[in-house]
Amino acid sequence: QQTPSPKTDLARSRAGAEQRVLDFAMKHNKSAYCLRPRFILGKEDAFVIPALIKLVQKGLYIGDGQQQFSVIDVDDYALLILELCHRLYTCAEPERLALNVGYQKPLSFSHMYEALQTLDPSAHIKRRITHPGALATSFNWLPVKKLRSLATQLQLIGLDHYSDVSETRKRLRSDILNRDSFDYFRELAQHFKDSSCN
């Protein structure tokens with residue numbers, strides 16, 4: 264699946280890795296899928312959700328809230344991998360391509376924020392970073408490691424990270440990717456809320 268030219272070091276690194284895998288598969292006449300998930304979440308998540316919870320607790324709102332992300336539950340991701348492995352072993356001709364991974368409908372930052380506010384109803388928006396992309400670009404120009412790290416975080420949460428998953432869905436036997444992203448994220452937020460009360 265085609266994507267815009269990579270603009271960050273991380274994106275360039277991923278694109279280079281994908282190309283190496285696909286070139287190797289082509290050279291040896293093998294099948295290969297390069298999977299492109301964005302946020303792989305789950306009830307045992309120790310990184311993404313806790314970081315987003317802290318963001319909400321601080322009252323920090325990134326962008327206009329309309330930026331969208333591909334999300335998938337870790338268990339659904341495992342099922343997806345199993346189904347794609349089955350396809351690789353059963354398809355007649357080798358297939359080599361990158362596949363976007365995530366539920367069909369993307370999750371917006373505003374919906375993420377809304378769901379996580381239920382964990383702490385007293386949390387209110389105190390500050391807004393209105394132009395996260397421009398700020399991240401500025402930080403990347405500065406020779407300060409901490410600011411470059413912050414720039415990467417802003418790019419991850421402040422810009423769109425969603426791609427069409429129709430090619431991936433065509434290769435699955437079940438409709439794993441038809442799950443509603445917002446409903447899923449609300450259930451996940453509720454799980455974290457219940458866990459914190461125990």
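Quick note on numbering: the sequence shown equals residues 264 to 461 in the working numbering. For every residue, glycine included, the Cβ atom is placed at its ideal position computed from N, Cα and C.
Go ahead and label His424 buried or exposed: buried means 16 or more other beta carbons lie within 10 angstroms of its beta carbon, across all protein chains shown. buried
Can you tell me which of the three DSSP states Gln282 falls into? helix
Check for me: the beta strand (DSSP E) holding Cys348 runs from which residue to which? First-last for Cys348: Val337 to Thr353, but that is the alpha helix (DSSP H), not the beta strand (DSSP E).
Inter-stretch contact at 8 Å, needing at least 3 Cβ pairs: the stretch 342 to 354 / the stretch 367 to 382: Touching, no, given that fewer than three Cβ pairs across the two stretches are closer than 8 Å.
Among all the DSSP beta bridges, which residues are the ones paired with Gln418? Paired residues: none, contrary to the question.
Please classify Val334: does DSSP put it in a helix, a strand, or coil? DSSP places Val334 in strand when its eight states are reduced to three.
CB contact flag (Val311, Ile335, <8 Å): no
Please name the residue, chosen from His394, Leu342, Pro395 and Leu417, that lies closest to Arg434 on a Cα-to-Cα basis. Of the listed residues, the one whose Cα sits closest to Arg434 is Leu342.
Please state the DSSP three-state secondary structure of Ala386. Note: Ala386 maps to coil in three-state DSSP.
Taking a contact to mean a Cβ-Cβ separation below 8 Å, would you say Asn403 touches Ala386 in this structure? no
Separation of Arg283 from Gln331, as counted between CA atoms: 29 Å
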